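**Q**
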C-alpha cells in the first residue's frame, strides 16, 4: 500500500453528470426514487425467498443472492451520485476512490458468476429436468456463490495491485460520477499504456467472455427445446427472456468501457447508469412480473397477513 504515501493527490474531483440546475434536480429525484426501489424491491425478493418454503429451490437461492448483490452494487455509487448532484464541489478522497473501485469490481465479478450459475440452472431445468435436484444440489448452489466472491476478489485485486502503486501528482478531475480504473489511470503521472492493457485483458476479456458464454448457453437451450418440441419453444423463450434482458443490460456498458478501453468521450458514464441504477431496479420487476411462482408466493403472503389480522 506504499502507493498511498507516494501519491501527491489526496482527493479526486468528480465532474458528475450535468451542469444544468434543472437537470440536476430532476436527476436527484429520479435516482432517489430508483435507489429506494432498488433497496425495497431487492430486499423484498430476499425476504420472500427466505420466508416462503415453496421458494426454497436452487433458482430462487441464486436469485436472492443476485438481489443482495444488486443492492451492494448500487450502494457503492448511487448514494454518492445523488449527494453530488446538488453539490458544487464533488470530491472523493483517494482512499474512498480506491475502495469504491474495489467494491465495484468485486461485486461485478460476483454478478457475472451468478448470471452464469442462473443460466446453468435454467439449462438443467429445461434440458435435464429429471436430474435437476441431483445436479443443482444445495452444496453446488453454495459453491456457485463462493466461487462468485472468490472470482470477484481475484478479479478486482489483480487490477488494483497495479493501480495502487501509480503516482498521482497532477490532475485530479474525473469525468464521471464514480471512480473506476480507466478514468483513474488516465490521471497518473506516468505512461499508463501497460496498465490500460491489464484492464482491457482482465475486465474486457471477462466481460466479453461471460457475455458470449451466456448468449451461447441460451441459444443452446433454445435449440435443444426446439429439437424436442417446436411447441415448447415459445414457453422456453418466455422463461429465458428475463435472463436475456438482464444480461444485455448488464454487459453492454461493461463491454463498451473495458473491451475498447479508455474512450475519449464521456458516454460511458451515462451507460453505466444502467449497471448501477436501472438494472438493479428492473431486476425485481422482471423476476416478479414474469415469474408465476413469485406472484403466487406474493399472493400467499397476502393471505397469511389477512388471516393473521382476523385470527
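Residue numbers (this note's numbering): 25 to 335. Even for Gly, the Cβ is constructed at its ideal location relative to N, Cα and C. Since the model is a prediction, treat every value here as computed from it, not as a measurement.
With respect to the alpha helix (DSSP H) encompassing residue 53, which residues constitute its N-terminal and C-terminal limits?
**A** Translated into positions along the chain shown, residue 53 becomes position 29. Segment 45-75, the alpha helix (DSSP H) holding residue 53.
**Q** Report the partner residues of residue 198 according to the DSSP bridge assignment.
**A** To locate residue 198, count along the chain shown from 1; it is residue 174. Per DSSP, 38.
**Q** Thinking just about the alpha-carbon of each residue, which of 167, 308 and 150 is nearest to the one in residue 261?
**A** Position 237 of the chain shown, counted from the start, is the residue given in the question as residue 261. Closest option to residue 261, Cα to Cα, is 150.
**Q** What's the C-alpha gap between residue 189 and residue 209?
**A** Start at 1 with the first residue of the chain shown, and residue 189 comes out as number 165. Start at 1 with the first residue of the chain shown, and residue 209 comes out as number 185. About 11 Å.
**Q** Between which two residues does the beta strand (DSSP E) containing residue 116 stretch?
**A** Numbered from 1 along the chain shown, position 92 holds the residue referred to as residue 116. Element bounds for residue 116: 115-117.
**Q** Roughly how many angstroms lie between the CA atoms of residue 142 and residue 297, to the nearest whole one?
**A** Here residue 142 is taken as the residue at index 118 of the chain shown, counted from 1. Here residue 297 is taken as the residue at index 273 of the chain shown, counted from 1. Near 23 Å, if we compare the C-alpha coordinates of residue 297 and residue 142.
**Q** Taking the alpha-carbon positions, what's the residue 55 to residue 302 distance?
**A** Start at 1 with the first residue of the chain shown, and residue 55 comes out as number 31. Start at 1 with the first residue of the chain shown, and residue 302 comes out as number 278. Cα to Cα, the separation comes out at about 9 Å.
**Q** When you compare each of 230, 264, 252 and 224 to residue 243 by their alpha carbons, which one comes out closest?
**A** The residue you call residue 243 lines up with position 219 of the chain shown. Checked all of 230, 264, 252 and 224; the closest Cα to residue 243 is 264.
**Q** Grab me the residues of residue 24's own chain with a C-beta within less than 7 Å of its C-beta, minus the 5 sequence neighbours each way, in chain order.
**A** The structure shown does not extend to residue 24, since the chain is modelled only from 25 to 335, so the question has no answer here.
**Q** Where does residue 312 sit, in a helix, a strand or coil, going by DSSP?
**A** Translated into the one-based positions of the chain shown, residue 312 becomes position 288. Residue 312 falls in the helix class under three-state DSSP.
**Q** Quick one: residues in its chain with C-beta nearer than 7 Å to the C-beta of residue 321, no 5 flanking neighbours on either side, listed in chain order?
**A** Here residue 321 is taken as the residue at index 297 of the chain shown, counted from 1. So the qualifying residues of the chain are 72, 76, 78 and 79.
**Q** Residue 220: which of 206, 136, 229 and 315 sits nearest, CA to CA?
**A** Residue 220 sits at position 196 when you count from the first residue of the chain shown. The option with the nearest alpha carbon to residue 220 is 206.
**Q** Output the distance between the C-alpha atoms of residue 91 and residue 63, rounded to the nearest integer angstrom.
**A** Taking the chain shown and counting its residues from 1, the one referred to as residue 91 is at position 67. Taking the chain shown and counting its residues from 1, the one referred to as residue 63 is at position 39. Cα to Cα, the separation comes out at about 9 Å.
**Q** Let me know if residue 305 comes out buried or exposed under the rule of 16 or more other beta-carbons within 10 Å of its beta-carbon.
**A** Translated into the one-based positions of the chain shown, residue 305 becomes position 281. When all chains shown are included, residue 305 counts as buried.
**Q** Quick one: Cα of residue 229 to Cα of residue 324, how far?
**A** Position 205 of the chain shown, counted from the first residue, corresponds to residue 229. Position 300 of the chain shown, counted from the first residue, corresponds to residue 324. Each residue's Cα considered, the two are about 44 Å apart.
**Q** Measuring CA to CA, which of 272, 252 and 202 is closest to residue 236?
**A** For the purposes of this step, residue 236 is identified with residue 212 of the chain shown, where counting begins at 1. Measuring from the Cα of residue 236, the nearest candidate turns out to be 272.
**Q** Excluding five sequence neighbours on each side, which residues of the same chain lie with their C-beta closer than 6 Å to the C-beta of residue 99?
**A** Position 75 of the chain shown, counted from the first residue, corresponds to residue 99. Closer than 6 Å at the Cβ level, and outside the excluded window around residue 99, lies no residue.
**Q** Shortest alpha-carbon distance to residue 107 belongs to which of 127, 162 and 48?
**A** Along the chain shown, one-based indexing puts residue 107 at 83. With distances taken between Cα atoms, residue 107 lies closest to 48.
**Q** Considering just the uninterrupted stretch of the alpha helix (DSSP H) at residue 101, what are its terminal residues?
**A** Within the chain shown, numbered from 1, the residue matching residue 101 stands at position 77. Start and end: 82-109.
**Q** Tell me which residues share the same chain as residue 124 and place their Cβ nearer than 6 Å to its Cβ, disregarding the 5 neighbours each side in the sequence.
**A** Sequence index remark: in the chain shown, residue 124 carries index 100 (1-based). Answer for residue 124: 100 and 203, listed in chain order.
**Q** Can you look up residue 135 in the DSSP assignment and give me helix, strand or coil?
**A** Taking the chain shown and counting its residues from 1, one reaches residue 135 at position 111. If DSSP states are grouped into helix, strand and coil, residue 135 belongs with the helices.
**Q** Find out if the Cβ-Cβ distance for the pair residue 279, residue 241 is shorter than 8 Å.
**A** Residue mapping note: residue 279 aligns to position 255 of the chain shown, counting from 1. Residue mapping note: residue 241 aligns to position 217 of the chain shown, counting from 1. Taking 8 Å as the Cβ cut-off, residue 279 and residue 241 do not qualify as a contacting pair.
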